[in-house]
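Just so we're aligned: the sequence shown equals residues 148 to 398 in our numbering. Heads up, the beta-carbon is just placed ideally off N, CA and C, and yes, glycines get one too.
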Amino acid sequence: MKEQKNKAPHIVSISSGKGGVGKTSFTVNLAAALSKKSKKVLLIDGDLGLANVDVVLGLNVKHSLREIVEEDRDPMETLVEIMPGFFVLPASSGVPEMANLSYEEQAFLTNSLEHITDNFDYVLVDTAAGIGDSVLWFNEWSDTNIILLTPDPTSMTDAYALIKVLHTRYEKNEFSLIINHVKSKKEGNEVFANMSAVLENFLGIKPINRGAIPRDSAVAQAVRNQKPFLIAQPKARASLAVNEICNKLLS
Ligand SMILES: Nc1ncnc2c1ncn2[C@@H]1O[C@H](COP(=O)(O)OP(=O)(O)OP(=O)(O)O)[C@@H](O)[C@H]1O
Ligand SMILES: [Mg+2]
């Protein structure tokens, strides 16, 4: 789908079957971690949920993804710089429902996005939860598909459902799992092992273990203060975990 370029940006989608598992918190902080490592990062807010990227970061959003399609606006004008090297493409006034876009509009959106993403090393897409059209579209567009889940069994079954759709309908075979809200690294590894066994048995998929993030009060505090926890509390356990995930992604 994407043209091969000499130095294509690495496009990473962050999705989950169940909502509220921590996608937005994780993605904002992964973007902060990557930019601290001198990478140029674009975070695309692909979610219309309540705790949107603009809310978590306290942005005053003027333009968004929707206007790129509806008003033919220059996509570069819609970007907001959070800190050096970390930019957000907001979606506060609504992510276009891909099903409602004509073929030409979808092609136009793809072109516009590829025009912007060319300027970055990493593009992170914080998608909505579930298996809606925009989630599937962003996942198909991405090079790396991260699925976030928690030890909660319903989060695991919903993650399985999402992976199954992406595998059967879009022939995606490589999935990276991150387990959020864990009590210990051991719990993270156990949840990964369970999920991995189910995916291998039923779909023949061997997921990649990208790590786990502990349940940590620093996360909710950062949302209240509208600052990434990685910046506000760099020594917090959640910050150390996101840094470790960032290092693995870069290695
Ligand atoms: N590791 C964690 N420890 C403690 N609280 C967390 C952690 N991760 C996320 N949370 C809290 O969980 C709530 C939901 O997080 P977030 O909004 O990031 O989830 P989401 O997956 O993006 O939700 P949605 O599906 O609605 O977009 C927030 O209040 C956040 O502070
Ligand atoms: Mg979210």
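Between the beta-carbon of residue i and the beta-carbon of residue j, is there less than 9 Å?
| i | j | result |
| --- | --- | --- |
| Ala359 | Ile325 | yes |
| Phe285 | Val188 | no |
| Trp288 | Ser160 | yes |
| Lys186 | Leu377 | no |
| Arg305 | Gly277 | With the sequence shown as reference, residue 305 is identified as Asp, and Arg is not the correct amino acid for it. Yes, these two residues count as a Cβ contact at 9 Å. |
| Gly169 | Asn327 | yes |
| Asp194 | Ala275 | yes |
Let's test the definition: count the other Cβ atoms within 10 Å of the Cβ of residue i and tell me whether it reaches 16, buried, or not, exposed.
| i | result |
| --- | --- |
| Thr315 | exposed |
| Asn344 | The question names Asn, but residue 344 is Ala in the sequence shown. When all chains shown are included, Ala344 counts as exposed. |
| Thr301 | exposed |
| Ala254 | exposed |
| Lys152 | Here Lys152 scores only 45 on pLDDT, less than 50, and its place in the model should not be relied on; the value that follows carries that caveat. Label assigned to Lys152: exposed. |
Sort out for me which residues DSSP pairs residue i with in a bridge.
| i | result |
| --- | --- |
| Pro361 | Val329 |
| His157 | Tyr269 |
| Ser162 | Ile294 |
| Met230 | Phe233 |
| Asn356 | Leu324 |
| Thr274 | Gly193 |
What residue from the options has the CA that sits closest to residue i's CA?
| i | options | result |
| --- | --- | --- |
| Pro381 | Asp192, Leu177 and Ser259 | Leu177 |
| Asn356 | Pro375, Arg371 and Asn292 | Asn292 |
| Asp402 | Met230, Leu271 and Phe322 | Coverage of the chain is limited to positions 148 through 398, which leaves residue 402 absent and any answer about it impossible. |
| Thr297 | Met230, Glu251, Lys332 and Asn390 | Lys332 |
| Asn336 | Asp201, Lys374, Thr257 and Pro354 | Pro354 |
| His157 | Thr264, Arg371 and Ser364 | Thr264 |
| Beta carbon nearer than 6 Å to a non-hydrogen atom of ligand 1 | Ser163, Gly166, Gly167, Val168, Gly169, Lys170, Thr171, Ser172, Asp194, Gly196, Ala198, Ala276, Asn327, His328, Ile360, Arg362, Asp363, Val366, Ala367, Val370 and Ala385
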